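Trainee: Note that my numbering has the sequence shown beginning at 4, numbered continuously upward. Note that CB positions come from ideal geometry on N, CA and C, so glycine has one too. Here the structure is a predicted model, which is why all the values come from computation and not from measurement.
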Amino acid sequence: MPKSAFDQRHFIIVGVLIAISTVVLYWLLSTVLPLPAQASIEAETIDTLISWHLWLIAFLFALVVVFMLYAVFVFRRRPDDHSDGEHFEGNTTLEIAWTAIPLVLVVIFAYYGITSLNAVTFASDDEVTIKANGFQWGWSFEYPNGVQSAELMLPVNRRVKMELLTRDVNHGFWIPEFRVKQDLLAGQTNYLRFTPTMTSAEYEADYGRELKLVCSELCGLSHWSMEATVKVVPEAEFTAWLAEQLVAQTPSVAQK
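1. Take Thr25 as the anchor and find which of Ala46, His56, Ala40 has the nearest alpha-carbon.
2. Ordered along the chain, which non-local residues of its own chain (more than five positions away) have a Cβ less than 7 Å from that of Asn173?
3. Using a 10 Å radius around the Cβ and a threshold of 16 neighbouring Cβ atoms, would you call Ala1 buried or exposed?
4. Tell me which residues share the same chain as Lys134 and place their Cβ nearer than 6 Å to its Cβ, disregarding the 5 neighbours each side in the sequence.
5. Quick one: give me the first and last residue of the alpha helix (DSSP H) that Ser143 is part of.
6. Give, in chain order, every unbroken run of the beta strand (DSSP E) that is at least 3 residues long and sits entirely within the region 152 to 207.
7. If you reduce the DSSP assignment to three classes, tell me which class Phe64 lands in.
8. Roughly how many angstroms separate the alpha carbons of Ser152 and Phe138, rounded to a whole number?
9. For a quick check, are the C-beta atoms of Ser203 and Val183 less than 8 Å apart?
10. In chain order, what residues of the same chain lie with their CB nearer than 7 Å to the CB of Asn148, ignoring the 5 residues before and after it?
11. In angstroms, rounded to a whole number, what distance separates the CA positions of Ala74 and Phe112?
12. Taking only the alpha-carbon atoms, compute the straight-line gap between Leu2 and Met156 and give it to the nearest angstrom.
13. Between Ala122 and Thr48, which are expected to be in contact by the criterion C-beta below 8 Å, what is the C-beta distance as a whole number of angstroms?
14. Looking only at its chain, what residues have a beta carbon closer than 7 Å to the beta carbon of Phe70, apart from the 5 residues adjacent to it on each side?
15. Go to Thr132, then tell me how far its alpha helix (DSSP H) extends in each direction, as first and last residue.
16. Determine the direct distance from the alpha carbon of Val150 to that of Phe176, and round the result to whole angstroms.
17. What is the residue span of the alpha helix (DSSP H) that Val250 lies within?
18. Starting from Val123 and walking both ways along the beta strand (DSSP E), at which residues does that stretch end?
19. Of all the CB atoms in chain B, is at least one closer than 8 Å to the CB of Leu120?
20. Can you say whether Leu28 is buried or exposed, counting buried as having 16 or more other CB atoms within 10 angstroms of its CB?
21. Is DSSP giving Glu230 helix, strand or coil here?
22. Rounded to whole angstroms, what is the Cα-Cα separation between Arg81 and Ile104?
23. How many angstroms separate the CA atom of His13 from the CA atom of Thr118?
24. So, with DSSP's three-state summary, where would you put Gly211?
25. Can we count Thr202 as close to the ligand NAD, meaning its CB is less than 7 Å from some heavy atom?
This is the structure:
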């Protein structure tokens, strides 16, 4: 092994070790922290952004730790070595690089973050508006024709706009498989948009459980149980369900 810290072979070896460590760390992060199933268009966008961040995290960790461990091991002082360490001055090229490269990365991630946010929050002319009311400790939902339900019924492949209100304290609207979430704040109405891409039947067949809406904001004693079943169905079935529920919930309509 070359003794000089300036020998290029050191940088080649460290570069290879950093590349290997980055791949291994990304694999470990992805394995230890698996994401839920993708059940909305927004989930694909957000998962891509998460993946980019995991790669960057793995690379930066490897960059620091590999250099540190390599220096500690290769350039450690030997028992019979009493000489001074090799003298060197600052490196202008390196200083420019570690200033410019992070700046470029910040700009890239800022741009991708803004475009991802726009892709997740855009409004659509044909979106379905559903009101979600959170309360300690449950949910109720109101649909465009006035129908109300305790479970959330959604049309697949149709843009949905949720109007989020709370009757008491702050809550959080979160369906993990959709990725997006939004707080319900006392005294104001918040909004959340998403487009489901997987029906409940498909999800249950693949994963053996129901889609659930959960509260993501600590809201009191029974916060852990504040959830609602989410049913995602074909649009024709959603329309038929709305009509059936309207008749069932409006006796005067049934009499006519």
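Mentor: On the basis of the coordinates in this document:
1. The residue given as residue 25 occupies position 22 in the sequence shown. It is His56 whose Cα lies nearest to the Cα of Thr25.
2. Counted from its first residue, the sequence shown places residue 173 at position 170. Asp186, Leu187, Leu188, Ala189, Glu220, Cys222, listed in sequence order.
3. The question about residue 1 has no answer, for the chain in this structure spans 4 to 259.
4. For this step, residue 134 is matched to residue 131 along the sequence shown. So the list reads Glu145, Glu166, once near-sequence residues are dropped.
5. In the sequence shown, the residue the question calls residue 143 occupies position 140. Annotation for Ser143: no alpha helix (DSSP H) segment contains it, though the beta strand (DSSP E) segment containing it runs 141 to 145.
6. 155 to 158, 163 to 169, 174 to 177, 184 to 187, 193 to 197
7. Mapped onto the sequence shown, residue 64 falls at position 61. DSSP places Phe64 in helix when its eight states are reduced to three.
8. Along the sequence shown, read from residue 1 onward, the residue named residue 152 stands at position 149. Along the sequence shown, read from residue 1 onward, the residue named residue 138 stands at position 135. Going by the C-alpha atoms only, they are around 14 Å apart.
9. Translated into positions along the sequence shown, residue 203 becomes position 200. Translated into positions along the sequence shown, residue 183 becomes position 180. No, the pair does not count as a contact, with Cβ atoms beyond the cut-off.
10. Counting from 1 along the sequence shown, the entry for residue 148 is found at position 145. Cβ-Cβ distances below 7 Å link Asn148 to Leu245, Leu249 in the same chain, with the five nearest sequence neighbours on each side left out; the list follows chain order.
11. Within the sequence shown, numbered from 1, the residue matching residue 74 stands at position 71. Within the sequence shown, numbered from 1, the residue matching residue 112 stands at position 109. Between Ala74 and Phe112, the C-alpha separation is close to 31 Å.
12. Within the shown structure, residues of the chain are numbered from 4 to 259, placing residue 2 beyond reach of any answer.
13. The residue labelled residue 122 in the question sits at position 119 within the sequence shown. The residue labelled residue 48 in the question sits at position 45 within the sequence shown. Contact flag correct, Cβ pair sits at about 5 Å.
14. Along the sequence shown, read from residue 1 onward, the residue named residue 70 stands at position 67. Here the set comprises Val17.
15. Locating residue 132 in the sequence shown gives position 129, where the first residue counts as 1. Taken as a continuous stretch (DSSP letters only), Thr132 belongs to no alpha helix (DSSP H), being part of the beta strand (DSSP E) at 131 to 138.
16. As a first step, residue 176 is located in the sequence shown; it is residue number 173 there, counting from the start. As a first step, residue 150 is located in the sequence shown; it is residue number 147 there, counting from the start. Their backbone Cα atoms lie some 20 Å apart in a straight line.
17. One-based indexing of the sequence shown puts residue 250 at position 247. Segment 238 to 252, the alpha helix (DSSP H) holding Val250.
18. As a first step, residue 123 is located in the sequence shown; it is residue number 120 there, counting from the start. No beta strand (DSSP E) contains Val123, which is instead part of the alpha helix (DSSP H) from 95 to 124.
19. Here there is only one protein chain, and chain B is not present.
20. To locate residue 28, count along the sequence shown from 1; it is residue 25. Flag for Leu28 reads buried.
21. The sequence position of residue 230 within the sequence shown is 227, counting from 1. Three-state DSSP puts Glu230 in a strand.
22. Along the sequence shown, read from residue 1 onward, the residue named residue 81 stands at position 78. Along the sequence shown, read from residue 1 onward, the residue named residue 104 stands at position 101. Straight-line measurement puts the Cα of Ile104 at about 36 Å from the Cα of Arg81.
23. Residue 13 sits at position 10 when you count from the first residue of the sequence shown. Residue 118 sits at position 115 when you count from the first residue of the sequence shown. A straight line joining the alpha-carbon of His13 with that of Thr118 spans about 40 Å.
24. Locating residue 211 in the sequence shown gives position 208, where the first residue counts as 1. Three-state result, Gly211: coil.
25. The model on display carries no ligand, and the ligand NAD is accordingly not part of it.
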